[in-house]
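Q: I have a structure here, written as structure tokens, and I will follow up with some questions on it.
There are 4 protein chains.
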Amino acid sequence: MSTRAEQRRPGRPRSEKARTAILEAAADLLLVRPFREVSMDELAERAGVSKATIYRWWPKKESLALDALFREWEVEQSLPDTSSLRGDLLAVLRPWVRRLRTRPYGRVIAALLTEVHADPDFAEEYRTRFVHGRRERGRALINRAIERGELPRSTDVDLALDLLYGSLYHRLLHGHAPISDRFVEKVVDTTLAGLAAEYRKT
Amino acid sequence: MSTRAEQRRPGRPRSEKARTAILEAAADLLLVRPFREVSMDELAERAGVSKATIYRWWPKKESLALDALFREWEVEQSLPDTSSLRGDLLAVLRPWVRRLRTRPYGRVIAALLTEVHADPDFAEEYRTRFVHGRRERGRALINRAIERGELPRSTDVDLALDLLYGSLYHRLLHGHAPISDRFVEKVVDTTLAGLAAEYRKT
Amino acid sequence: MSTRAEQRRPGRPRSEKARTAILEAAADLLLVRPFREVSMDELAERAGVSKATIYRWWPKKESLALDALFREWEVEQSLPDTSSLRGDLLAVLRPWVRRLRTRPYGRVIAALLTEVHADPDFAEEYRTRFVHGRRERGRALINRAIERGELPRSTDVDLALDLLYGSLYHRLLHGHAPISDRFVEKVVDTTLAGLAAEYRKT
Amino acid sequence: MSTRAEQRRPGRPRSEKARTAILEAAADLLLVRPFREVSMDELAERAGVSKATIYRWWPKKESLALDALFREWEVEQSLPDTSSLRGDLLAVLRPWVRRLRTRPYGRVIAALLTEVHADPDFAEEYRTRFVHGRRERGRALINRAIERGELPRSTDVDLALDLLYGSLYHRLLHGHAPISDRFVEKVVDTTLAGLAAEYRKT
DNA sequence: TCGTAACCGAGACGGTACGTCTGGTCTTTTT
DNA sequence: AAAAAGACCAGACGTACCGTCTCGGTTACGA
């Protein structure tokens, strides 16, 4: 969202200080308080920056939240290799879930998803940042497990990912029950068992 | 949200005509167009009603959408009985999923979930309407299956429900893949297989 | 304003209790607090009466204030006779001015005058109640003085009344100076002197 | 009301174009139609300006009307000098009443006076603009006449001004009779005669 | 005594203006 | 060119008030 040709261009260069201040203010406000209760004016003041500077680099409040969230979440991009799919999945999901418990992330995610349904460009951006990468990594782990013979070749990888992530997001967004480490394990175990089993329909 | 003691009270009674017109306008607008793009003014005009009348009975736009959505969704409340859990679950989930495909419901749901994370009272209302009832019915179906011996007594019912509904909501909200009838079947089959299996950890 | 054929008509007769309660509430509120800050709802509640009952007898808030004010002001309608115009005028103006000082009447008067300029029917009503009668009585006093030879036959009675009442209303409405008894006397004396004198233009 | 330090300050300067457009729209609407029938929305639209811009500079409709009226009235600030008080007063009053007859100014004045009685700050502003200046000028004229020997040293200047302006405002506000040039002359003549005369009380 | 008609209290309603707020843009000076 | 400051536009917000209406119920009179 805040990408531009990074070549040296004439004129005053972009202030890195301002960029950082904005993202930090966004993290402090947008990732914590209910989305709609944070105004751009407050954000700008908190960052010690003018509103115009924010809008020069981010088209809307949601895009800023997206960047701020991405900065917090997607630090670790490497694939784990524990020699079992169960171990790999837990190595990916457990740290994420633990991070989830440190802040009310359900709040931002819900707000971002609302925007996803209103603005196709934003939807594209959101999926690029938070869906595709994660699913590609999950897909790689599962395919590796198939190669190892842990799962049948006929395994529906998308289904697997939706069961795994879907149940976690479900609790995150609806808040009807906590996302404990135990829950993550059960989700992984049950999903893998289901995928592995030869289940005959009635 | 708009319930009050239905006793005969002094004064002009609430206009049933207005109530219906408002809910219908809400269904036409809030359940279709991006939430934030629908103003209360437009809603009031569409319903042929004054804004004050809406605010007298619904505290916010989200509450109104909640009622309108509830009116559309929660018509069928009876438990199916197909003598198998698979059949029962499909009997519940398939009609719901089919209805989901008729309108961009992900839009409203996302907006409602955003509000859930901002207003505890609203969250309570939301869960009462859209979470608890559905989960109770699911719980009943699963417990019946346990009685029949289809699933072990140790089955984690909440886990089951989160796997089932979580994966469906995941696609509804993220929109990365369609919710086909085939997908519903796979979700049900894989979840049931996972629950039934004795899965040994590595 | 609240007049109707006082004949006996079929049906429940008008409640004298309600009428009085309304006028008293109006006097307590409309004649004291800034006009626009008193709502009909508050008025109705204060009078222990429904809004509809007020509107049945008075078409608007201003009409009600008019009646309430009239009830307070126009009790004394008889002509004084002190054998001098000066005495007669002071006998009329002094009590009025003293009453003026007991409450912030400028407030209501200004509000009523505003309505006079917006609603011709109301203007008619206002003048009937507060202008014509008073001017007729003033006219009578002055004509009597002319008969007595205190003033020339050519005296412009309307001019006289505008000088007398105009200067008092001026202070009442603009509030730049108090309306003391001394001021009333000076107004009367100077006006009468001016009317009596043969003033030659340059 | 819309005054601010005119120094060069950082940031976008106030739009002179908007300011003018607002005052002109106010003159066209507020000085012509009944005050309460003109909404701020209509005013803003007429001026091609957002409501917020109006409220940034004028706290209420009345303040705006005050400025608009001032712009129309108080153009001429110089003292006339016709070598007689009568001439001086007519030179001041005649142009003013002629202007009065061009538009329904009684309407605005009544509305402003209503606000004067509701808001002390506004009252202060009103008197500064429309009372003090005019009275100071009148006072100067009269004092000059006293120096010339046209009036006794004991003349009550405030009384004089209240007689002069009071009678004119009286007709303006009550509308019971027109303010003809002839009337102005009579008011001046009679007042001056009254002030000049040695009037003996009975 | 009973019906009819006008009244009353309560309070919901349509309409409309209010003054505020926020998102996002624009204009100026300064860096 | 970029930034800070802050004025600006557009338009939704939720509230408030006005004056009307719709109920259930009351109070008189005349049949």
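Residue numbers (the working numbering), protein chains in the order written: chain U, 453 to 654; chain F, 453 to 654; chain H, 453 to 654; chain S, 453 to 654.
Cβ atoms here follow ideal geometry from the backbone N, Cα and C, with glycine treated the same way.
Would you mind telling me which residues of chain U sit closer than 9 Å to Pro-406 (chain F), beta carbon to beta carbon, in chain order?
A: Outside the displayed range of chain F (453 to 654) lies residue 406 (chain F), so it cannot be described from this structure.
Q: Evaluate contact between the segment 568-582 of chain H and the segment 566-574 of chain S, counting only Cβ atoms and requiring at least three cross-stretch pairs below 8 Å.
A: Cβ pair count under 8 Å is below three, so no.
Q: Tell me, please, whether the CB atom of Asp-614 (chain H) is closer than 7 Å to any CB atom in chain S?
A: With 7 Å as the cut-off, Asp-614 (chain H) counts as an interface residue toward chain S.
Q: Identify each residue in the segment 589-618 of chain U for which the Cβ-Cβ distance to at least one residue of chain F is less than 7 Å, and report them in chain order.
A: Of all residues in the segment 589-618 of chain U, Asp-608, Asp-610, Leu-611, Asp-614, Leu-615, Tyr-617 and Gly-618 have a Cβ within less than 7 Å of some Cβ in chain F.
Q: Residues of chain H with CB under 8 Å from Lys-638 (chain S), in chain order?
A: Under the 8 Å cutoff, chain H gives Asp-608 and Leu-611.
Q: Report the residue from S:Trp-510, S:Leu-613, S:Ala-504 and S:Ser-606 whose alpha carbon sits nearest the alpha carbon of Gly-585 (chain S).
A: Of the candidates S:Trp-510, S:Leu-613, S:Ala-504 and S:Ser-606, the one whose C-alpha sits nearest the C-alpha of Gly-585 (chain S) is S:Leu-613.
Q: Which of helix, strand or coil does DSSP assign to Ile-506 (chain S)?
A: Note: Ile-506 (chain S) maps to helix in three-state DSSP.
Q: From which residue to which residue does the alpha helix (DSSP H) around Asp-589 (chain S) run?
A: Asp is not the amino acid found at residue 589 (chain S); the sequence shown has Arg there. 585-600 is the span of the alpha helix (DSSP H), which, as asked, contains Arg-589 (chain S).
Q: In chain U, which residues lie with their C-beta within 9 Å of the C-beta of Pro-572 (chain F)?
A: Here the premise fails: no neighbours, minimum Cβ distance about 10 Å.
Q: What do you reckon, are the CB atoms on Val-655 (chain S) and Leu-483 (chain S) nearer than 7 Å?
A: Shown here, chain S extends from 453 to 654; a query on residue 655 (chain S) therefore has no answer.
Q: Anything in chain U within Cβ reach of Arg-623 (chain F), meaning under 9 Å, just list it in chain order.
A: Under the 9 Å cutoff, chain U gives Asp-614 and Gly-618.
Q: What does the Cβ neighbour count give for Thr-643 (chain S), buried or exposed, with the cut at 16 atoms within 10 Å?
A: That one is buried.
Q: Where do the N-terminal and C-terminal ends of the alpha helix (DSSP H) with Ser-619 (chain U) fall, by residue?
A: 609-626 is the span of the alpha helix (DSSP H), which, as asked, contains Ser-619 (chain U).
Q: If we cut at 7 Å on Cβ distances, does Pro-486 (chain S) have a partner in chain H?
A: Answer yes: the Cβ-Cβ gap between Pro-486 (chain S) and chain H drops below 7 Å somewhere.
Q: Please name the residue in U:Ser-632, U:Gly-618 and U:Arg-538 whose C-alpha comes closest to that of His-626 (chain F).
A: Minimum Cα distance to His-626 (chain F) is reached at U:Gly-618.
Q: With distance defined between alpha-carbon atoms, name the residue in S:Ser-606, S:Arg-471, S:His-622 and S:Thr-534 nearest to Ser-502 (chain S).
A: It is S:Arg-471 whose Cα lies nearest to the Cα of Ser-502 (chain S).
Q: Going by other Cβ atoms of all chains shown within 10 Å of its Cβ, with 16 needed for buried, is Phe-635 (chain U) buried or exposed?
A: Counting Cβ neighbours within 10 Å, Phe-635 (chain U) comes out buried, since at least 16 surround it.
Q: Ser-689 (chain U) by DSSP, collapsed to three states: which one?
A: Lying outside 453 to 654, the shown extent of chain U, residue 689 (chain U) is not represented and no answer is given.
Q: Going by beta carbon distance, what residues of the same chain come within less than 8 Å of Leu-481 (chain H), once the five residues before and after it are set aside?
A: Result list for Leu-481 (chain H): Val-490, Glu-494, Leu-495 and Arg-498, in chain order.
Q: Assuming Val-640 (chain F) and Leu-620 (chain F) are in contact, meaning their beta carbons sit under 8 Å apart, how far apart are those beta carbons, in whole angstroms?
A: Actually they do not touch by this definition, with Cβ atoms about 10 Å apart.
Q: Could you name each continuous alpha helix (DSSP H) segment of 4 residues or more that falls completely within the segment 531-577 of chain F, going from the start of the chain to the end?
A: 537-552 and 557-568, all fully within the segment 531-577 of chain F.
Q: Please report the distance separating the alpha-carbon of Glu-458 (chain S) from that of Ser-530 (chain S).
A: For Glu-458 (chain S), the pLDDT reaches just 45, beneath the cut-off of 50, and the residue's location in the model is therefore unreliable, although a value from the coordinates is still provided. About 26 Å.
Q: Would you report the Cα separation of Glu-526 (chain F) and Leu-518 (chain F), rounded to the nearest angstrom?
A: Spanning the two alpha carbons is a distance of roughly 11 Å.
Q: How would you list, in chain order, the residues of chain F whose beta-carbon sits under 8 Å from the beta-carbon of Arg-646 (chain U)?
A: According to the sequence shown, residue 646 (chain U) is Gly rather than Arg. Per Cβ cutoff of 8 Å: Asp-641, Thr-642, Thr-643, Leu-644, Ala-645, Gly-646, Leu-647 and Ala-649.
Q: Measuring alpha carbon to alpha carbon, tell me which of H:Ile-594, H:Thr-505 and H:Leu-565 ends up nearest Asp-608 (chain H).
A: That would be H:Ile-594, whose Cα lies nearest to the Cα of Asp-608 (chain H).
Q: Closer than 8 Å, Cβ to any Cβ of chain H: which residues of the segment 473-501 of chain S, in chain order?
A: Answer set for the segment 473-501 of chain S: Pro-486, Phe-487, Arg-488 and Glu-489.
Q: Would you mind working out which of F:Ala-592, F:Tyr-507 and F:Phe-487 sits nearest Ser-536 (chain F), comparing C-alpha positions?
A: Comparing Cα-Cα distances from Ser-536 (chain F) to each of F:Ala-592, F:Tyr-507 and F:Phe-487, the minimum goes to F:Ala-592.
Q: What does Arg-559 (chain F) reach in chain U if we use C-beta pairs closer than 7 Å?
A: Per Cβ cutoff of 7 Å: His-569.
Q: May I ask you to report which of helix, strand or coil DSSP gives Val-640 (chain S)?
A: Of the three classes helix, strand and coil, the one that applies to Val-640 (chain S) here is helix, per DSSP.
Q: Could you run through the segment 510-532 of chain U and flag, in chain order, every residue whose CB is less than 9 Å away from some CB of chain F?
A: Correct list: empty, as no residue qualifies.
Q: Mind pulling the chain U residues with CB within less than 7 Å of Ala-629 (chain F)?
A: Under the 7 Å cutoff, chain U gives Asp-610.
Q: Note down, in chain order, every chain S residue with its Cβ under 8 Å from the Cβ of Val-544 (chain H).
A: Under the 8 Å cutoff, chain S gives no residues; its nearest Cβ is about 16 Å from Val-544 (chain H).
Q: Are the C-beta atoms of Val-549 (chain S) and some chain H residue less than 7 Å apart?
A: So, not an interface residue.
Q: Assign Thr-534 (chain F) to one of two classes, buried (16 or more other C-beta atoms within 10 Å of its C-beta) or exposed (fewer than that).
A: Exposed is the call here.
Q: Output the distance between the C-alpha atoms of Arg-652 (chain H) and Leu-542 (chain S), rounded to the nearest integer angstrom.
A: Reliability of the predicted coordinates at Arg-652 (chain H) is poor, the pLDDT of 39 falling under 50, and the value obtained from them is presented with this limitation in mind. For Arg-652 (chain H) and Leu-542 (chain S), the distance between alpha carbons rounds to 15 Å.
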